[in-house]
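Participant:
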Amino acid sequence: MRVLVTGGAGRLGSEVVKLIASRGDSAVAFDLPQASWETVKDVPGVDLFPGDVTDKRQVSEALKGVDAVIHLAALLPPRSEVNRDLTMMVNVEGTSNIVEAIGSTGAPLVFASSVATYGITAPEETTIGESHPLHVNDRYSESKIEAERLIVDSGVDHVTLRIAPIAVADLVELPETIPYRGDQRVELIYVEDAARALLSAMNESEAKGKTFNIAGGPTWQMTGAEYIEKFYDALGVEVEPRFSEEYTAVDWYDTSQGLFLGYQRLNFNGFLEMLMVLGEQLGLR
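Written out as structure tokens, the structure reads:
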């Protein structure tokens, strides 16, 4: 099988590309020419295709000979909030170009949407399921909601995954302001588990035409303050975080509908253990 991965040089995309190659399939990593290609450029079974999803010709060329498409390329916050026209061009028109090119090939599409499409759900007390109403909260969520609708209306063979914020076991610089409140419910997902979800959605016939929440699961459900404290404590780094004063579009999610995808491999304690090992390797602990 040959799979096109848009955004294939990014944080999540590179994990998807490497996972495809590790399973004996071939991947086409499609990303901007100026992207950081270091993590995928020497991976056997991976072809690099520098390009832009807003360019129809490049998209059509990249799709030649592929059996499936995993569409990750998008303008993300905070950059997505600077210029609405650019965000809609990349996230919506870019998706339209992918869908149009797929139309002539019949290749199935796995679309990486976001839990941001639910908007601000902080006042609610239950976990957020896929049937929850969508709500435009910012330019990013607006673009993802529109892209989801575009894909459904197109009639292409697809699966949509609304993915929670991604967690990586790395020495992540503390942002000036944490993008959620300290007392807010948050749930992230380990990057490799998110990659597994995307590949599983591509391969499972039961997923066809459906939408799933993709998040870490119950062990990852905590407050923003708890997450930041445990993350940096595991690394061995003292921090003084400043949290957002406003609720943002992250919460706890009901992932029961997509459990058959089998992607929730790493619980939160396992993630902390990885951070502890890294902290020791870096001489922080």
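Sequential numbering of the sequence shown, starting at 1, is according to this note's numbering.
All residues carry an ideal CB built from backbone N, CA and C; glycine is no exception.
Predicted, not measured: the structure shown is a model, and the values here were computed from it.
(1) How would you label S114, buried or exposed, when you count the other beta carbons within 10 angstroms and need 16 or more for buried?
(2) For P78, count neighbouring Cβ atoms within 10 angstroms of its own Cβ and tell me buried if that reaches 16, exposed if not.
(3) Could you give the uninterrupted runs of the beta strand (DSSP E) lying entirely in the region 136 to 217, keeping only those of 3 residues or more?
(4) Mind checking L48: buried by the 16 CB within 10 Å criterion, or exposed?
(5) Quick one, are the C-beta atoms of G65 and Q58 less than 8 Å apart?
(6) Measuring CB atoms only, is the region 132 to 151 touching the region 175 to 185, in the sense that at least three cross pairs come out at less than 8 Å?
(7) Determine the contact status of R265 and D193, defining contact as a CB-CB distance below 8 Å.
(8) Please report the distance separating the alpha-carbon of T177 from that of A107.
(9) Could you pull the DSSP bridge partners for S26 from this structure?
(10) Which residue marks the beginning of the beta strand (DSSP E) containing S60, and which one marks its end?
(11) Work out the CA separation of A29 and E148 for me, nearest whole Å.
(12) Under 7 Å Cβ to Cβ from W37, same chain only, skipping five residues before and after it: list those, please.
(13) Applying the 10 Å Cβ sphere with the 16-neighbour rule, what's the burial state of E142?
(14) Under 6 Å Cβ to Cβ from G258, same chain only, skipping five residues before and after it: list those, please.
(15) With DSSP as the reference, please indicate the residues paired to T248 in a beta bridge.
(16) Note down the Cα distance separating K41 from A35, rounded to an integer number of angstroms.
(17) If you follow the alpha helix (DSSP H) that M88 is in, where does it begin and where does it stop?
(18) Let me check understanding here. Comparing Cα to Cα, which of Y190, V90, L275 lies closest to A164?
(19) Among S205, K144, E240, which residue has its Cα nearest to the Cα of E340?
(20) How far does the beta strand (DSSP E) with T223 in it extend, from its first residue to its last?
(21) Given a threshold of 16 other Cβ atoms within 10 Å of its Cβ, counted over all protein chains shown, does R242 qualify as buried or as exposed?
(22) Just tell me which of E204, T121, S154, K56 has its CA closest to the CA of Y247.
(23) Along the chain, where does the beta strand (DSSP E) that runs through L109 open and close?
(24) Which residue's Cα is closest to the Cα of V172: E206, L278, A116, L63?
Facilitator: Based on what the coordinates show:
(1) buried
(2) exposed
(3) 158 to 163, 185 to 187, 211 to 214
(4) buried
(5) no
(6) no
(7) In this structure, the beta-carbon distance from R265 to D193 falls below 8 Å.
(8) 41 Å
(9) In the DSSP output, where bridge partners are listed per residue, S26 has R2.
(10) Not the beta strand (DSSP E): S60 falls in the alpha helix (DSSP H), residues 56 to 62.
(11) 22 Å
(12) A9, L48
(13) buried
(14) F212
(15) The partner list for T248 (beta bridge, DSSP) is empty, contrary to what the question assumes.
(16) 11 Å
(17) 84 to 88
(18) Of Y190, V90, L275, the residue nearest in Cα terms is Y190.
(19) The question about residue 340 has no answer here: the residues shown for the chain are numbered 1 through 285.
(20) 221 to 223
(21) exposed
(22) T121
(23) 109 to 114
(24) L278
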